[in-house]
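> So that we are looking at the same thing, I have put the structure below in C-alpha coordinates.
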Amino acid sequence: AALAHLLAAIALAPPRARRWPRDGAWMLREVGLLLLLAFSAWSIVRYLFADGGPAVFDYIVVGGGSTGAVVAGRLGEAGYSVLVLEAGGSTQISLGGDAEPVAGKWTIFDVPLGWVQVLSDHRWSKEFQWVVPADPPPAIARGLGGCGIHNAMLYMRGRPADFAEWGAGWSWDDVLPFYKRSEDNEQFGSSPLHGTGGPVRVTTVASDELSDFFLDAFSTAGLPHVEDFNGPDRIGFGRYQFMIRDGLRDSAAAAFLGADRRAGYRAPPLVRTHALATRLIVEGRRVVGVEYVRGRAPTDKAKRLRAMARHEVVLSAGAVMTPKLLLLSGVGEAAKLRRLGIPLVYDNPAVGRGLADGVYAIMQWATRKRNFFKCRLGTQAEEDQPHADYCAQQRAMYAAGHRSNSSLGSPGMSVGAFLRSPYAKGPEPDLQLTVHPWDKFSRPWSKRLVGVASMEIANNHPASR
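Oh and the sequence shown: position 249 is 955 in our numbering, straight run, nothing missing.
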(Lines of atoms letter the chains of each structure in order from A and count residues from 1; the text may use other names and numbers.)
(Lines give C-alpha, C1' and ligand atoms only; values in the text may rest on other atoms or scores of the structure.)
Protein backbone atom coordinates (compact mmCIF):
# COMPACT_ATOMS: atom_id res chain seq x y z
CA ALA A 1 0.00 0.00 0.00
CA ALA A 2 2.83 2.42 0.84
CA LEU A 3 4.51 1.68 -2.50
CA ALA A 4 1.25 2.29 -4.35
CA HIS A 5 0.84 5.69 -2.67
CA LEU A 6 4.42 6.64 -3.58
CA LEU A 7 4.01 5.63 -7.22
CA ALA A 8 0.70 7.48 -7.45
CA ALA A 9 2.26 10.63 -5.99
CA ILE A 10 5.07 10.54 -8.55
CA ALA A 11 2.78 9.75 -11.45
CA LEU A 12 0.03 12.26 -10.73
CA ALA A 13 1.99 15.23 -9.39
CA PRO A 14 1.96 18.22 -11.85
CA PRO A 15 5.32 19.03 -13.51
CA ARG A 16 5.52 22.47 -11.91
CA ALA A 17 5.49 20.84 -8.44
CA ARG A 18 8.85 19.21 -9.20
CA ARG A 19 12.30 20.75 -9.45
CA TRP A 20 13.59 19.15 -12.68
CA PRO A 21 13.52 19.93 -16.41
CA ARG A 22 10.24 19.46 -18.29
CA ASP A 23 11.48 16.49 -20.35
CA GLY A 24 12.79 14.65 -17.26
CA ALA A 25 9.55 15.28 -15.39
CA TRP A 26 7.53 13.96 -18.33
CA MET A 27 9.61 10.77 -18.48
CA LEU A 28 9.41 10.23 -14.74
CA ARG A 29 5.67 10.72 -14.85
CA GLU A 30 5.26 8.16 -17.61
CA VAL A 31 7.47 5.65 -15.79
CA GLY A 32 5.45 6.21 -12.63
CA LEU A 33 2.20 5.54 -14.46
CA LEU A 34 3.57 2.33 -15.95
CA LEU A 35 4.86 1.13 -12.59
CA LEU A 36 1.54 1.98 -10.93
CA LEU A 37 -0.40 0.02 -13.57
CA ALA A 38 1.98 -2.94 -13.24
CA PHE A 39 1.74 -2.90 -9.45
CA SER A 40 -2.06 -2.70 -9.58
CA ALA A 41 -2.28 -5.61 -12.02
CA TRP A 42 0.05 -7.68 -9.87
CA SER A 43 -2.04 -6.94 -6.75
CA ILE A 44 -5.26 -7.96 -8.49
CA VAL A 45 -3.77 -11.22 -9.76
CA ARG A 46 -2.31 -11.95 -6.33
CA TYR A 47 -5.69 -11.34 -4.68
CA LEU A 48 -7.62 -13.47 -7.15
CA PHE A 49 -5.23 -16.40 -7.26
CA ALA A 50 -3.57 -16.42 -3.83
CA ASP A 51 -5.31 -19.69 -2.94
CA GLY A 52 -5.54 -20.98 -6.48
CA GLY A 53 -2.44 -23.14 -6.70
CA PRO A 54 -2.32 -26.52 -5.02
CA ALA A 55 -0.23 -25.45 -2.03
CA VAL A 56 1.59 -28.35 -0.37
CA PHE A 57 1.80 -28.96 3.38
CA ASP A 58 3.04 -31.83 5.50
CA TYR A 59 -0.42 -32.22 7.05
CA ILE A 60 -3.88 -30.83 6.34
CA VAL A 61 -6.36 -30.72 9.21
CA VAL A 62 -10.01 -30.38 8.22
CA GLY A 63 -11.90 -28.71 11.06
CA GLY A 64 -10.51 -26.24 13.58
CA GLY A 65 -12.49 -27.52 16.57
CA SER A 66 -11.19 -28.99 19.81
CA THR A 67 -9.67 -32.08 18.18
CA GLY A 68 -8.30 -30.33 15.11
CA ALA A 69 -6.72 -27.59 17.21
CA VAL A 70 -4.83 -30.09 19.37
CA VAL A 71 -3.60 -32.10 16.36
CA ALA A 72 -2.54 -28.99 14.43
CA GLY A 73 -0.89 -27.43 17.44
CA ARG A 74 1.16 -30.48 18.35
CA LEU A 75 2.25 -31.02 14.73
CA GLY A 76 3.30 -27.37 14.41
CA GLU A 77 5.14 -27.61 17.68
CA ALA A 78 7.06 -30.58 16.27
CA GLY A 79 8.06 -28.56 13.19
CA TYR A 80 5.67 -29.90 10.55
CA SER A 81 3.92 -27.54 8.14
CA VAL A 82 0.17 -27.67 8.78
CA LEU A 83 -2.86 -26.19 7.05
CA VAL A 84 -6.08 -25.95 9.07
CA LEU A 85 -9.29 -25.57 7.06
CA GLU A 86 -12.16 -24.22 9.17
CA ALA A 87 -15.57 -23.69 7.57
CA GLY A 88 -16.63 -21.05 10.09
CA GLY A 89 -15.13 -17.74 11.10
CA SER A 90 -12.82 -16.58 13.86
CA THR A 91 -14.23 -16.37 17.36
CA GLN A 92 -12.10 -15.57 20.42
CA ILE A 93 -9.73 -12.61 20.39
CA SER A 94 -6.66 -14.86 20.63
CA LEU A 95 -7.92 -16.66 17.51
CA GLY A 96 -8.33 -13.46 15.50
CA GLY A 97 -11.99 -12.93 16.36
CA ASP A 98 -13.40 -9.47 15.72
CA ALA A 99 -16.94 -9.83 17.07
CA GLU A 100 -18.52 -6.92 18.93
CA PRO A 101 -16.96 -6.50 22.42
CA VAL A 102 -19.45 -7.27 25.20
CA ALA A 103 -17.34 -6.67 28.31
CA GLY A 104 -14.39 -4.34 27.86
CA LYS A 105 -12.46 -5.62 24.84
CA TRP A 106 -13.68 -9.21 25.23
CA THR A 107 -16.13 -10.88 22.85
CA ILE A 108 -19.03 -13.12 23.76
CA PHE A 109 -16.84 -16.11 22.85
CA ASP A 110 -14.22 -15.09 25.44
CA VAL A 111 -16.61 -14.52 28.36
CA PRO A 112 -17.42 -17.83 30.13
CA LEU A 113 -21.06 -16.91 30.80
CA GLY A 114 -21.57 -16.05 27.13
CA TRP A 115 -22.05 -19.68 26.07
CA VAL A 116 -25.78 -19.60 26.81
CA GLN A 117 -26.37 -16.74 24.37
CA VAL A 118 -24.13 -18.20 21.68
CA LEU A 119 -26.29 -21.32 21.79
CA SER A 120 -29.70 -19.68 22.01
CA ASP A 121 -29.61 -16.21 20.40
CA HIS A 122 -30.30 -16.22 16.67
CA ARG A 123 -27.89 -13.33 16.30
CA TRP A 124 -25.02 -15.72 17.06
CA SER A 125 -26.42 -19.11 16.11
CA LYS A 126 -27.20 -18.07 12.51
CA GLU A 127 -23.49 -17.60 11.81
CA PHE A 128 -21.77 -19.90 14.27
CA GLN A 129 -23.94 -23.03 14.09
CA TRP A 130 -24.55 -25.48 11.27
CA VAL A 131 -28.08 -25.84 9.95
CA VAL A 132 -28.81 -29.57 10.29
CA PRO A 133 -32.16 -30.95 9.04
CA ALA A 134 -33.17 -32.77 12.22
CA ASP A 135 -35.93 -32.47 14.80
CA PRO A 136 -34.81 -31.07 17.11
CA PRO A 137 -31.75 -29.71 15.30
CA PRO A 138 -28.48 -30.38 17.12
CA ALA A 139 -26.35 -27.45 18.24
CA ILE A 140 -23.24 -28.05 16.13
CA ALA A 141 -20.77 -25.19 16.23
CA ARG A 142 -19.41 -23.65 13.03
CA GLY A 143 -16.39 -21.55 13.86
CA LEU A 144 -12.74 -21.70 14.89
CA GLY A 145 -12.84 -23.63 18.16
CA GLY A 146 -15.76 -25.90 17.24
CA CYS A 147 -18.06 -26.81 20.10
CA GLY A 148 -15.39 -25.39 22.39
CA ILE A 149 -16.78 -21.93 21.58
CA HIS A 150 -20.26 -22.63 22.98
CA ASN A 151 -19.99 -25.48 25.46
CA ALA A 152 -19.98 -25.05 29.23
CA MET A 153 -16.19 -25.63 29.47
CA LEU A 154 -16.45 -28.65 31.81
CA TYR A 155 -13.15 -30.50 31.96
CA MET A 156 -14.27 -34.12 31.91
CA ARG A 157 -12.01 -36.90 30.68
CA GLY A 158 -12.99 -40.37 29.56
CA ARG A 159 -12.81 -43.24 32.00
CA PRO A 160 -10.22 -46.05 31.75
CA ALA A 161 -12.98 -48.49 30.76
CA ASP A 162 -13.92 -46.24 27.81
CA PHE A 163 -10.45 -46.51 26.31
CA ALA A 164 -10.18 -50.24 26.88
CA GLU A 165 -12.61 -50.71 23.98
CA TRP A 166 -10.47 -48.70 21.53
CA GLY A 167 -7.79 -51.32 20.96
CA ALA A 168 -4.00 -51.43 21.05
CA GLY A 169 -2.29 -48.09 21.54
CA TRP A 170 -5.39 -46.43 23.00
CA SER A 171 -5.54 -47.90 26.50
CA TRP A 172 -5.78 -45.65 29.56
CA ASP A 173 -2.06 -46.09 30.21
CA ASP A 174 -1.39 -44.98 26.63
CA VAL A 175 -3.50 -41.80 26.72
CA LEU A 176 -2.98 -40.62 30.32
CA PRO A 177 0.49 -39.12 29.64
CA PHE A 178 -1.03 -36.95 26.89
CA TYR A 179 -3.79 -35.73 29.21
CA LYS A 180 -1.20 -34.79 31.80
CA ARG A 181 1.01 -33.10 29.21
CA SER A 182 -1.90 -30.91 28.08
CA GLU A 183 -2.99 -29.81 31.56
CA ASP A 184 -2.11 -26.84 33.68
CA ASN A 185 -4.21 -27.97 36.63
CA GLU A 186 -4.59 -25.20 39.16
CA GLN A 187 -6.30 -27.30 41.85
CA PHE A 188 -4.54 -30.66 41.79
CA GLY A 189 -1.16 -29.66 40.37
CA SER A 190 1.31 -32.27 39.26
CA SER A 191 0.17 -35.70 40.44
CA PRO A 192 -0.21 -39.28 39.15
CA LEU A 193 -3.41 -38.23 37.32
CA HIS A 194 -2.83 -34.55 36.55
CA GLY A 195 -0.19 -32.24 35.15
CA THR A 196 1.03 -28.65 35.21
CA GLY A 197 2.67 -26.43 32.63
CA GLY A 198 0.48 -27.59 29.74
CA PRO A 199 -1.44 -25.25 27.44
CA VAL A 200 -4.92 -25.93 28.90
CA ARG A 201 -5.73 -24.23 32.20
CA VAL A 202 -7.99 -26.39 34.39
CA THR A 203 -9.57 -24.80 37.45
CA THR A 204 -12.65 -24.54 39.66
CA VAL A 205 -15.01 -21.56 39.84
CA ALA A 206 -16.75 -19.82 42.71
CA SER A 207 -19.92 -21.54 43.87
CA ASP A 208 -23.24 -20.00 44.91
CA GLU A 209 -25.76 -20.63 47.64
CA LEU A 210 -28.23 -22.63 45.56
CA SER A 211 -25.51 -24.95 44.27
CA ASP A 212 -24.26 -25.47 47.83
CA PHE A 213 -27.82 -26.44 48.85
CA PHE A 214 -27.77 -29.14 46.17
CA LEU A 215 -24.47 -30.45 47.53
CA ASP A 216 -26.07 -30.71 50.97
CA ALA A 217 -29.02 -32.56 49.43
CA PHE A 218 -26.73 -35.02 47.65
CA SER A 219 -24.94 -35.69 50.92
CA THR A 220 -28.22 -36.15 52.82
CA ALA A 221 -29.30 -38.67 50.18
CA GLY A 222 -26.25 -40.77 51.04
CA LEU A 223 -24.09 -40.12 47.99
CA PRO A 224 -20.32 -40.07 48.52
CA HIS A 225 -18.38 -36.86 48.04
CA VAL A 226 -15.91 -36.91 45.11
CA GLU A 227 -12.96 -34.58 45.33
CA ASP A 228 -11.93 -35.06 41.69
CA PHE A 229 -14.35 -36.26 38.98
CA ASN A 230 -11.28 -37.08 36.89
CA GLY A 231 -9.79 -39.09 39.72
CA PRO A 232 -9.92 -42.81 40.55
CA ASP A 233 -13.69 -42.86 41.26
CA ARG A 234 -16.45 -40.80 39.70
CA ILE A 235 -19.64 -42.00 41.44
CA GLY A 236 -20.88 -39.32 43.85
CA PHE A 237 -21.21 -35.54 44.03
CA GLY A 238 -18.73 -32.71 43.96
CA ARG A 239 -17.47 -29.59 42.22
CA TYR A 240 -16.63 -29.50 38.54
CA GLN A 241 -13.40 -28.28 36.98
CA PHE A 242 -13.48 -26.01 33.94
CA MET A 243 -11.24 -24.91 31.07
CA ILE A 244 -11.04 -21.26 32.16
CA ARG A 245 -7.91 -19.13 32.39
CA ASP A 246 -8.06 -15.95 34.48
CA GLY A 247 -11.79 -15.55 33.85
CA LEU A 248 -11.54 -16.24 30.09
CA ARG A 249 -12.70 -19.28 28.12
CA ASP A 250 -9.61 -21.42 27.54
CA SER A 251 -10.92 -23.55 24.69
CA ALA A 252 -8.67 -26.16 23.10
CA ALA A 253 -8.38 -23.88 20.07
CA ALA A 254 -7.30 -20.90 22.18
CA ALA A 255 -4.87 -23.10 24.09
CA PHE A 256 -3.24 -24.74 21.06
CA LEU A 257 -3.83 -22.25 18.22
CA GLY A 258 -3.99 -18.91 20.05
CA ALA A 259 -1.71 -16.21 18.70
CA ASP A 260 0.78 -16.32 21.57
CA ARG A 261 0.91 -20.09 21.53
CA ARG A 262 1.39 -20.36 17.76
CA ALA A 263 4.20 -17.82 17.84
CA GLY A 264 6.30 -20.26 19.89
CA TYR A 265 5.91 -23.21 17.53
CA ARG A 266 8.76 -24.32 15.27
CA ALA A 267 6.27 -24.21 12.38
CA PRO A 268 3.13 -22.18 13.25
CA PRO A 269 0.08 -23.78 11.56
CA LEU A 270 -1.63 -21.78 8.82
CA VAL A 271 -5.31 -21.37 9.72
CA ARG A 272 -7.80 -20.55 6.97
CA THR A 273 -11.27 -19.63 8.20
CA HIS A 274 -14.38 -19.63 6.01
CA ALA A 275 -12.74 -22.54 4.17
CA LEU A 276 -15.28 -25.32 3.60
CA ALA A 277 -13.86 -28.69 2.56
CA THR A 278 -15.95 -30.10 -0.31
CA ARG A 279 -14.07 -33.21 -1.35
CA LEU A 280 -11.04 -35.33 -0.51
CA ILE A 281 -8.53 -35.74 -3.31
CA VAL A 282 -7.75 -39.43 -3.70
CA GLU A 283 -5.03 -41.12 -5.71
CA GLY A 284 -5.53 -44.87 -5.79
CA ARG A 285 -6.50 -45.74 -2.23
CA ARG A 286 -4.69 -42.83 -0.59
CA VAL A 287 -6.03 -39.39 0.32
CA VAL A 288 -3.45 -36.87 -0.86
CA GLY A 289 -5.26 -33.55 -0.56
CA VAL A 290 -8.43 -31.55 -0.02
CA GLU A 291 -10.67 -29.53 -2.31
CA TYR A 292 -12.33 -26.55 -0.62
CA VAL A 293 -14.14 -23.27 -1.21
CA ARG A 294 -13.86 -19.92 0.58
CA GLY A 295 -16.53 -17.56 1.87
CA ARG A 296 -19.05 -17.08 4.66
CA ALA A 297 -21.82 -18.77 2.65
CA PRO A 298 -20.25 -20.28 -0.46
CA THR A 299 -22.53 -21.65 -3.19
CA ASP A 300 -21.95 -24.54 -5.58
CA LYS A 301 -20.58 -22.00 -8.06
CA ALA A 302 -17.72 -20.96 -5.76
CA LYS A 303 -14.22 -21.45 -7.06
CA ARG A 304 -12.72 -24.82 -6.08
CA LEU A 305 -9.30 -24.56 -4.44
CA ARG A 306 -6.88 -27.37 -3.71
CA ALA A 307 -4.31 -28.13 -1.02
CA MET A 308 -2.07 -31.18 -1.03
CA ALA A 309 -0.56 -33.15 1.86
CA ARG A 310 2.87 -34.77 1.86
CA HIS A 311 1.99 -37.07 4.76
CA GLU A 312 -1.65 -37.16 5.89
CA VAL A 313 -5.04 -35.47 5.85
CA VAL A 314 -6.68 -35.44 9.28
CA LEU A 315 -10.48 -35.29 9.39
CA SER A 316 -11.79 -33.60 12.54
CA ALA A 317 -14.89 -31.84 11.24
CA GLY A 318 -17.23 -33.26 13.87
CA ALA A 319 -19.70 -36.12 14.23
CA VAL A 320 -21.88 -34.93 11.32
CA MET A 321 -19.57 -33.07 8.94
CA THR A 322 -16.77 -35.66 8.93
CA PRO A 323 -18.94 -38.51 7.58
CA LYS A 324 -20.62 -36.04 5.22
CA LEU A 325 -17.23 -35.15 3.71
CA LEU A 326 -16.35 -38.84 3.39
CA LEU A 327 -19.64 -39.53 1.60
CA LEU A 328 -19.16 -36.58 -0.77
CA SER A 329 -15.71 -37.99 -1.51
CA GLY A 330 -17.04 -41.42 -2.46
CA VAL A 331 -16.35 -43.24 0.79
CA GLY A 332 -19.49 -44.96 2.08
CA GLU A 333 -22.14 -47.48 1.17
CA ALA A 334 -21.75 -48.21 -2.55
CA ALA A 335 -25.44 -48.53 -3.44
CA LYS A 336 -26.41 -45.25 -1.81
CA LEU A 337 -23.51 -43.35 -3.35
CA ARG A 338 -24.44 -44.62 -6.81
CA ARG A 339 -28.04 -43.47 -6.34
CA LEU A 340 -26.73 -40.01 -5.53
CA GLY A 341 -24.41 -39.97 -8.52
CA ILE A 342 -21.24 -39.90 -6.40
CA PRO A 343 -18.36 -41.95 -7.88
CA LEU A 344 -17.39 -44.77 -5.53
CA VAL A 345 -13.89 -44.64 -4.05
CA TYR A 346 -14.28 -47.12 -1.19
CA ASP A 347 -17.27 -49.19 -0.12
CA ASN A 348 -17.79 -48.80 3.65
CA PRO A 349 -21.42 -49.08 4.81
CA ALA A 350 -20.50 -47.88 8.32
CA VAL A 351 -19.84 -44.31 7.19
CA GLY A 352 -22.71 -42.06 8.21
CA ARG A 353 -24.16 -44.54 10.68
CA GLY A 354 -23.86 -45.06 14.42
CA LEU A 355 -24.44 -41.47 15.58
CA ALA A 356 -25.25 -41.67 19.29
CA ASP A 357 -28.20 -39.76 20.71
CA GLY A 358 -27.43 -37.10 23.29
CA VAL A 359 -30.29 -37.82 25.66
CA TYR A 360 -31.03 -35.64 28.67
CA ALA A 361 -33.92 -34.16 30.61
CA ILE A 362 -34.24 -31.06 32.77
CA MET A 363 -35.98 -30.78 36.13
CA GLN A 364 -36.80 -27.38 37.63
CA TRP A 365 -37.75 -26.03 41.05
CA ALA A 366 -39.04 -22.72 42.31
CA THR A 367 -36.67 -21.39 44.98
CA ARG A 368 -37.04 -19.07 47.95
CA LYS A 369 -33.61 -17.55 47.36
CA ARG A 370 -31.74 -16.30 44.34
CA ASN A 371 -28.13 -15.19 44.32
CA PHE A 372 -27.02 -16.04 40.78
CA PHE A 373 -28.30 -13.87 37.95
CA LYS A 374 -27.81 -14.94 34.34
CA CYS A 375 -26.69 -11.60 32.94
CA ARG A 376 -27.10 -11.02 29.22
CA LEU A 377 -24.35 -9.59 27.08
CA GLY A 378 -24.28 -7.36 24.02
CA THR A 379 -25.81 -4.09 22.89
CA GLN A 380 -29.28 -4.99 24.19
CA ALA A 381 -28.05 -6.35 27.47
CA GLU A 382 -29.97 -5.60 30.66
CA GLU A 383 -32.41 -2.87 29.74
CA ASP A 384 -35.41 -5.19 30.14
CA GLN A 385 -34.11 -7.14 33.13
CA PRO A 386 -35.03 -6.45 36.77
CA HIS A 387 -31.40 -6.90 37.88
CA ALA A 388 -29.91 -4.47 35.32
CA ASP A 389 -27.84 -2.58 37.90
CA TYR A 390 -26.29 -5.79 39.22
CA CYS A 391 -25.38 -6.99 35.72
CA ALA A 392 -23.94 -3.61 34.75
CA GLN A 393 -21.76 -3.80 37.86
CA GLN A 394 -20.60 -7.33 36.96
CA ARG A 395 -19.81 -6.28 33.39
CA ALA A 396 -17.82 -3.26 34.60
CA MET A 397 -15.91 -5.46 37.05
CA TYR A 398 -15.09 -7.92 34.26
CA ALA A 399 -14.02 -5.16 31.86
CA ALA A 400 -11.77 -3.64 34.52
CA GLY A 401 -9.75 -6.87 34.72
CA HIS A 402 -11.33 -8.47 37.79
CA ARG A 403 -12.72 -11.24 35.62
CA SER A 404 -12.60 -14.15 38.06
CA ASN A 405 -14.50 -12.10 40.67
CA SER A 406 -17.31 -11.27 38.23
CA SER A 407 -20.25 -13.59 37.61
CA LEU A 408 -19.39 -13.28 33.91
CA GLY A 409 -16.18 -15.21 34.62
CA SER A 410 -18.26 -18.25 35.63
CA PRO A 411 -20.09 -20.63 33.29
CA GLY A 412 -23.17 -20.37 35.52
CA MET A 413 -22.67 -23.75 37.16
CA SER A 414 -20.20 -25.29 39.54
CA VAL A 415 -21.48 -28.62 40.97
CA GLY A 416 -22.89 -31.94 39.84
CA ALA A 417 -23.06 -35.66 40.47
CA PHE A 418 -22.61 -39.03 38.74
CA LEU A 419 -24.89 -41.99 39.44
CA ARG A 420 -25.51 -45.53 38.23
CA SER A 421 -29.00 -46.22 36.92
CA PRO A 422 -30.58 -49.72 37.01
CA TYR A 423 -29.55 -49.98 33.35
CA ALA A 424 -25.86 -49.25 33.86
CA LYS A 425 -23.44 -51.78 32.44
CA GLY A 426 -20.26 -52.33 34.36
CA PRO A 427 -19.04 -50.41 37.40
CA GLU A 428 -19.02 -46.91 35.88
CA PRO A 429 -21.87 -44.38 36.28
CA ASP A 430 -24.16 -43.76 33.32
CA LEU A 431 -26.05 -40.69 34.62
CA GLN A 432 -24.68 -37.18 35.05
CA LEU A 433 -26.55 -34.55 37.07
CA THR A 434 -25.56 -30.91 36.55
CA VAL A 435 -27.01 -28.06 38.62
CA HIS A 436 -27.83 -24.73 36.96
CA PRO A 437 -28.76 -22.15 39.63
CA TRP A 438 -30.96 -20.31 37.11
CA ASP A 439 -33.86 -20.93 34.76
CA LYS A 440 -32.32 -22.78 31.82
CA PHE A 441 -35.55 -22.64 29.82
CA SER A 442 -36.28 -18.93 30.49
CA ARG A 443 -39.97 -19.67 29.98
CA PRO A 444 -42.80 -17.37 31.10
CA TRP A 445 -44.19 -18.58 34.43
CA SER A 446 -47.79 -18.19 35.58
CA LYS A 447 -46.66 -16.23 38.62
CA ARG A 448 -43.60 -14.29 39.61
CA LEU A 449 -41.04 -16.51 41.31
CA VAL A 450 -38.13 -15.51 43.51
CA GLY A 451 -35.87 -17.85 41.57
CA VAL A 452 -35.70 -21.04 39.54
CA ALA A 453 -33.11 -23.80 39.78
CA SER A 454 -32.56 -26.32 36.99
CA MET A 455 -30.96 -29.75 37.00
CA GLU A 456 -29.85 -31.38 33.77
CA ILE A 457 -29.93 -35.19 33.87
CA ALA A 458 -27.90 -36.72 31.05
CA ASN A 459 -27.56 -40.32 29.90
CA ASN A 460 -23.83 -40.60 29.29
CA HIS A 461 -24.00 -44.11 27.83
CA PRO A 462 -26.97 -44.06 25.41
CA ALA A 463 -27.61 -47.25 23.49
CA SER A 464 -29.82 -45.67 20.80
CA ARG A 465 -28.29 -44.81 17.44
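Heads up, the beta-carbon is just placed ideally off N, CA and C, and yes, glycines get one too. Predicted, not measured: the structure shown is a model, and the values here were computed from it.
If you count every other CB in all the chains shown that lies within 10 Å of the CB of TYR861, and 16 or more means buried, which is it?
buried
> Check for me: the alpha helix (DSSP H) holding GLY1039 runs from which residue to which?
Inspection of the sequence shows that residue 1039 is occupied by Glu rather than by Gly. Counting along the chain, GLU1039 falls outside any alpha helix (DSSP H), and DSSP gives it neither H nor E.
> Cα-Cα, which of ALA1008, ALA958, ILE987 is closest to LYS1019?
One detail in the question is off: residue 1019 reads as Val in this sequence, not Lys. It is ILE987 whose Cα lies nearest to the Cα of VAL1019.
> Mind reading off the beta-carbon distance from ALA809 to ARG1101? Whole number of angstroms is fine, and I expect it under 8 Å.
5 Å
> Can you have a look at GLU792 and say buried or exposed, based on whether 16 or more other CB atoms are within 10 angstroms of its CB?
Buried is the call here.
> The beta strand (DSSP E) spanning HIS1017 covers which residue range?
Note, HIS1017: beta strand (DSSP E), 1011-1021.
> Compare the C-alpha of ARG1074 against each of ALA1159, ALA1041, ARG863, LYS1007 and name the closest.
ALA1159
> If you drop the 5 nearest sequence neighbours on each side, which residues of the same chain put their C-beta closer than 7 Å to that of GLY1001?
Contacts found: HIS980, ALA1008.
> Would you check if the stretch 820-834 and the stretch 989-996 touch, i.e. whether three or more CB-CB distances between them fall below 8 Å?
no
> For LEU672, collect the residues of the same chain with a Cβ closer than 6 Å to its Cβ; drop the 5 residues on either side in sequence, then sort them by chain order.
Since the first and last residues shown for the chain are 707 and 1171, residue 672 lies out of range.
> From the DSSP output, read off the bridge partner residues of ARG907.
ASP890
> Below 8 Å between beta carbons: does that hold for ALA969 and SER800?
no
> Can you tell me whether DSSP reads PHE1147 as helix, strand or coil?
In the structure shown, PHE1147 adopts coil according to DSSP, grouped into three states.
> Per DSSP, TRP836 is paired with what?
Note: TRP836 sits in no beta bridge, so no partner.
> So within the stretch 900-959, which uninterrupted alpha helix (DSSP H) runs reach at least 4 residues, ignoring any that extend past its ends?
915-926
> Can you tell which of HIS856, GLY875, TYR971 has the C-alpha that lies nearest to the C-alpha of ALA784?
TYR971
> In three-state terms, what does DSSP make of GLY1122?
strand
> I need the straight-line Cα distance from GLY771 to PRO1133, nearest angstrom please.
Going by the C-alpha atoms only, they are around 32 Å apart.
> For HIS1142, which residues in the same chain have their Cβ closer than 8 Å to its Cβ, ignoring the five residues on either side in sequence?
GLY1118, MET1119, ALA1159, SER1160, MET1161, GLU1162
> Just reading off the beta strand (DSSP E) that ARG968 is part of, what are its end residues?
Premise fails: ARG968 lies in the alpha helix (DSSP H), 965-969, not in any beta strand (DSSP E).
> Is the number of C-beta pairs between the stretch 870-889 and the stretch 1023-1041 that are closer than 8 Å three or more?
no
> Can you name the residues that DSSP bridges to ARG985?
GLU997
> TRP878 by DSSP, collapsed to three states: which one?
helix
> Can you look up ASN1111 in the DSSP assignment and give me helix, strand or coil?
If DSSP states are grouped into helix, strand and coil, ASN1111 belongs with the helices.
> What do you reckon, are the CB atoms on PHE962 and PRO905 nearer than 8 Å?
yes
> Looking at ALA1023: is its Cβ nearer than 8 Å to the Cβ of ALA983?
yes
> How many Å lie between ALA1169 and VAL1156 at the Cα?
39 Å
> Thinking C-beta only, is ILE950 closer than 8 Å to VAL999?
no
> Answer yes or no: do VAL1173 and GLU933 have a C-beta to C-beta separation smaller than 8 Å?
The chain is shown from 707 up to 1171; residue 1173 falls before or after that span and cannot be answered.
> Can you list, in chain order, the residues of its chain with a C-beta nearer than 8 Å to that of GLY895? Leave out the 5 residues immediately preceding and following it.
Excluding sequence neighbours, GLY895 sits near THR902.
> Could you pull out every residue in the same chain whose Cβ sits closer than 7 Å to the Cβ of PHE924, ignoring the five residues on either side in sequence?
So the qualifying residues of the chain are PHE943, ALA1123.
> Going along the chain, which residues of its own chain have a beta-carbon closer than 8 Å to the beta-carbon of ASP914, five neighbours each way excluded?
ASN1077, PHE1078, SER1120, PRO1143
> Can you give the Cα-Cα distance for MET859 and THR773, rounded to whole angstroms?
Whole-angstrom Cα-Cα distance: 15 Å.
> By alpha-carbon positions, which one of LYS832, VAL767, HIS1108, GLU806 ends up nearest to GLY1084?
GLU806
> Which residue from LEU781, LYS811, ALA973, PRO818 puts its Cα closest to that of SER1112?
With distances taken between Cα atoms, SER1112 lies closest to PRO818.
> Name the DSSP beta bridge partners of ILE1163, please?
ALA1067, LEU1139
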